[in-house]
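Number of protein chains: 2
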Amino acid sequence: MLYGIAETLKKNQLSITDSRKKILELFMRTNGALAHADIEHQSGTEFDRVTIYRTLQTFVEKGIIHTIPTADNSVRYALCKDQCSAGKHHDDHVHFMCDACGTTYCLDHVVVPAVVLPKGFTVTQTDVVISGTCKNCVQ
Amino acid sequence: MLYGIAETLKKNQLSITDSRKKILELFMRTNGALAHADIEHQSGTEFDRVTIYRTLQTFVEKGIIHTIPTADNSVRYALCKDQCSAGKHHDDHVHFMCDACGTTYCLDHVVVPAVVLPKGFTVTQTDVVISGTCKNCVQ
DNA sequence: AATATTTTGCAACAATGTTGCATTGCATTA
DNA sequence: TAATGCAATGCAACATTGTTGCAAAATATT
Ligand SMILES: [Mn+2]
Ligand SMILES: [Mn+2]
Ligand SMILES: [Zn+2]
Ligand SMILES: [Zn+2]
Numbered sequence: 180m181l182y183g184i185a186e187t188l189k190k191n192q193l194s195i196t197d198s199r200k201k202i203l204e205l206f207m208r209t210n211g212a213l214a215h216a217d218i219e220h221q222s223g224t225e226f227d228r229v230t231i232y233r234t235l236q237t238f239v240e241k242g243i244i245h246t247i248p249t250a251d252n253s254v255r256y257a258l259c260k261d262q263c264s265a266g267k268h269h270d271d272h273v274h275f276m277c278d279a280c281g282t283t284y285c286l287d288h289v290v291v292p293a294v295v296l297p298k299g300f301t302v303t304q305t306d307v308v309i310s311g312t313c314k315n316c317v318q
Numbered sequence: 180m181l182y183g184i185a186e187t188l189k190k191n192q193l194s195i196t197d198s199r200k201k202i203l204e205l206f207m208r209t210n211g212a213l214a215h216a217d218i219e220h221q222s223g224t225e226f227d228r229v230t231i232y233r234t235l236q237t238f239v240e241k242g243i244i245h246t247i248p249t250a251d252n253s254v255r256y257a258l259c260k261d262q263c264s265a266g267k268h269h270d271d272h273v274h275f276m277c278d279a280c281g282t283t284y285c286l287d288h289v290v291v292p293a294v295v296l297p298k299g300f301t302v303t304q305t306d307v308v309i310s311g312t313c314k315n316c317v318q
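Taken in order, these protein sequences are the chains called A and B. So the first sequence is numbered by the working numbering: it starts at 180 and just counts up by one. So the second sequence is numbered by the working numbering: it starts at 180 and just counts up by one.
Spelled out as structure tokens, the structure:
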């Protein structure tokens with residue numbers, strides 16, 4: 180189920196470069212979502228901002244990571260754990276953002292509830308974003 | 180239930196200025212959410228960008244409008260129809276964004292479903308953002 | 001009408017994101 | 001393994017979005 184770094188890149192027909200390896204590795208060892216600034220500071224090497232933008236965009240297109248909508252409209256990314264592929268994301272899980280520590284979690288086992296809409300509305304995608312206190316911040 | 184423009188401003192201890200009147204009026208006659216750019220172009224008078232930012236911020240603080248999280252992380256605002264007040268929002272309704280026309284709806288009568296989270300997680304706020312095709316765009 | 005308080009517009013800045021292009025690095029093939 | 005073609009990177013320049021300080025203007029209060 181879990182693939183290595185080079186393996187994941189190859190499987191998605193991406194050439195193996197230093198930035199892609201380091202950024203993907205950071206996602207794999209991180210518990211929670213990452214913002215652009217996190218990647219800029221924690222990826223080990225100092226990559227150009229533009230390179231990071233382009234790498235993230237490529238990963239999203241290939242179905243390696245997904246973006247997360249947040250209540251404060253900050254952009255965050257997390258690894259896709261489902262069977263996502265190029266152009267087709269299936270990340271139907273709930274996202275949780277802790278008000279105390281700021282961590283954003285993918286709650287992969289919490290299924291998004293079905294919502295009944297008024298007549299005439301067709302659903303393509305449902306995003307559930309919950310904020311509150313996480314399991315590490317309760318006292 | 181529906182208050183006038185000056186009335187709403189007074190009730191929230193806001194002085195009645197041209198920008199606040201025009202921007203609040205725009206919200207009241209608009210069906211759906213507004214982005215900063217919409218307000219800049221449709222408020223009738225050309226207000227400074229900064230004035231618009233500050234007016235929106237004030238309205239959010241007073242509970243006159245609320246922000247809407249979107250899948251594409253664009254910032255949108257809509258009138259609060261519930262009993263929101265300074266510092267306390269109660270906009271527990273589902274938001275819908277049409278992929279065809281771009282309109283963002285507050286579905287005031289669609290209640291946000293309860294979501295059961297893992298042990299240790301405490302919920303403060305649940306946002307449900309649905310995208311798809313709206314009632315005006317189905318063919 | 002005079003005064004005190006708020007709000008506005010401007011300028012300057014910060015943060016975030018995009019594009020074009022020369023240089024560099026990766027993958028392929030000989 | 002060396003030569004080649006193609007893709008990715010870094011840099012510069014720019015665009016968009018949002019923030020802050022401050023003088024001038026507008027609003028509220030007396
Ligand atoms: Mn996720
Ligand atoms: Mn709403
Ligand atoms: Zn936490
Ligand atoms: Zn529509």
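Every residue gets a Cβ at the ideal spot worked out from N, C-alpha and C, and that includes glycine. A quick note: this is a predicted structure, and the numbers were derived from the prediction, not measured.
Of all the residues that make up the stretch 224-235 of chain B, which are near chain A by a beta-carbon distance shorter than 8 Å? Residues passing the 8 Å Cβ filter: none.
Touch check for the stretch 202-217 of chain A and the stretch 282-302 of chain A: three-plus C-beta pairs under 8 Å? yes
Best match in B:Asp287, B:Val295, B:Val291 for proximity to Val290 (chain A) [C-alpha to C-alpha]: B:Val295
Would Asp270 (chain A) be called buried (16 or more neighbouring beta carbons within 10 Å of its own) or exposed? buried
Please classify Thr196 (chain B): is it buried, with 16 or more other beta-carbons within 10 angstroms of its beta-carbon, or exposed? exposed
Quick one: list the residues of chain A neighbouring Thr282 (chain B), beta-carbon separation under 9 Å, in chain order. The contacting residues do not exist; Thr282 (chain B) stays about 11 Å from chain A at best.
Does Gln236 (chain B) come out as helix, strand or coil in the three-state DSSP assignment? helix
If Gly299 (chain A) and Val317 (chain B) are in contact, beta carbons under 8 Å, what's the gap, nearest whole angstrom? 6 Å
Name the residues in the stretch 236-256 of chain A whose C-beta lies less than 7 Å from a C-beta of chain B; which are they? Sequence-ordered contacts of the stretch 236-256 of chain A with chain B read Pro248, Thr249, Ala250, Asn252, Val254 [C-beta pairs closer than 7 Å].
Of the choices B:Ser222, B:Thr230, B:Ser198, whose alpha-carbon is the least far from that of Leu205 (chain B)? B:Ser222
Select from the stretch 298-314 of chain A all residues with a C-beta closer than 9 Å to any C-beta belonging to chain B, and list them in chain order. Lys298, Gly299, Phe300, Thr301, Val302, Thr303, Gln304, Thr305, Asp306, Val307, Val308, Ile309, Ser310, Gly311, Thr312, Cys313, Lys314
Per DSSP, what kind of secondary structure is Lys189 (chain B) in: helix, strand or coil? helix
Could you tell me if Pro297 (chain B) is buried or exposed, where buried requires 16 or more neighbouring beta carbons within 10 angstroms of its beta carbon? exposed
DSSP three-state label for Ser253 (chain B), please. coil
Residues in its own chain within less than 7 Å of Arg199 (chain A) by CB, not counting five upstream and five downstream? Leu188, Leu193, Thr234
Please look up how many angstroms separate the CB atoms of Pro292 (chain A) and Thr249 (chain B), rounded, as I've assumed it's under 8 Å. Actually they do not touch by this definition, with Cβ atoms about 19 Å apart.
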